Amino acid sequence: MSQEDLAQRCKVSRQTINAIENNKYDPSLVLAFSLATIMDVTVDELFLYEMDGE
Numbered sequence: 002m003s004q005e006d007l008a009q010r011c012k013v014s015r016q017t018i019n020a021i022e023n024n025k026y027d028p029s030l031v032l033a034f035s036l037a038t039i040m041d042v043t044v045d046e047l048f049l050y051e052m053d054g055e
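Position in the sequence shown counted from 1, then plus 1, gives you the working numbering.
Structure below.
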């Protein structure tokens, strides 16, 4: 799925999807759940949080 396709399905810009992919933007919870649902994964699988130094 292209960034443009995903953006349209989530009702955001392609630039927003690009920024999320490049760790330059943290999506809202609503957007995170939308992305996970569309991609048929859990939010945990889509966004792996790592603390500094771990």
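Just so it is clear, CB atoms sit at the ideal spot from N, CA and C, and this is done for glycine as well. The model shown is predicted, which means the values in this text are computed figures rather than measured ones.
Here Val-13 is buried. Its C-beta has 16 or more other C-beta atoms within 10 Å.
Per DSSP, the unbroken alpha helix (DSSP H) holding Phe-34 starts and ends at 30 to 39. In this structure Ala-20 touches Tyr-26 by the C-beta definition: roughly 4 Å separates them, less than 8 Å. Rounded to the nearest angstrom, the gap between the Cα atoms of Val-31 and Val-44 is 11 Å.
Inter-residue distance for Glu-46 and Asp-6 is about 20 Å (C-alpha atoms, whole angstroms).
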